[in-house]
Amino acid sequence: MFAFKLIIAILAGFLIMRTGMRLLGGFSSPMAEPPPPGELRKVKIMYRCELCGSEVRMTIAPNEDPSPPRHCMDEMTLVAPVED
Ligand SMILES: [Zn+2]
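Reminder that position 2 of the sequence shown reads as 96 in my numbering, one-by-one numbering, no gaps.
Now the structure itself:
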């Protein structure tokens with residue numbers, strides 16, 4: 095009888111999880127899993143949004159020449175590698 099209850103519990107849990115995932119999926123598109131921390135590079139790169147003037151600093155990236163982030167629906171411009 096215990097095994098039967100366990101199966102019911104697992105099925106219920108699966109259904110609840112699937113419903114939750116579906117609800118979340120409506121808000122955000124699935125993101126790619128980030129690589130393990132050992133594969134990430136410490137970088138110091140400044141980017142500027144030419145449209146609104148915002149600047150951001152990238153500190154960690156999957157490689158030393160990452161693709162620029164997007165802002166105001168456009169790719170940000172690389173300002174300069176930051177030295178400090
Ligand atoms: Zn912007």
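Where a beta carbon is used, it is the ideal one built from N, C-alpha and C, also for glycine.
Remember, it's a predicted structure, so these values are computed and weren't measured experimentally.
Backbone secondary structure at alanine 155 - three-state DSSP: The residue given as residue 155 occupies position 61 in the sequence shown. The answer is strand: DSSP assigns alanine 155 an E or B state.
Serine 148 versus methionine 167 - alpha carbon distance: Stepping through the sequence shown from its first residue, residue 148 is reached at position 54. Stepping through the sequence shown from its first residue, residue 167 is reached at position 73. Computed Cα separation, rounded: 13 angstroms.
Provide the residue(s) that pair with arginine 142 in DSSP beta bridges, ordered along the chain. Position 48 of the sequence shown, counted from the first residue, corresponds to residue 142. Beta-bridge pairing links arginine 142 to Glu149, Thr171.
Is leucine 172 near ligand 1, with its Cβ less than 6 angstroms from a heavy atom? Here residue 172 corresponds to residue number 78 of the sequence shown, with the count starting at 1. No - ligand 1 has no heavy atom lying nearer than 6 angstroms to the Cβ of leucine 172.
For lysine 99, the residue or residues it bridges with in DSSP: In the sequence shown, counting from the first residue as 1, residue 99 sits at position 5. Within the DSSP secondary-structure output, lysine 99 pairs in no beta bridge.
Closer than 6 angstroms: serine 161 CB and nearest ligand 1 heavy atom: For the purposes of this step, residue 161 is taken as residue 67 along the sequence shown, with counting starting at 1. The answer is no for serine 161.
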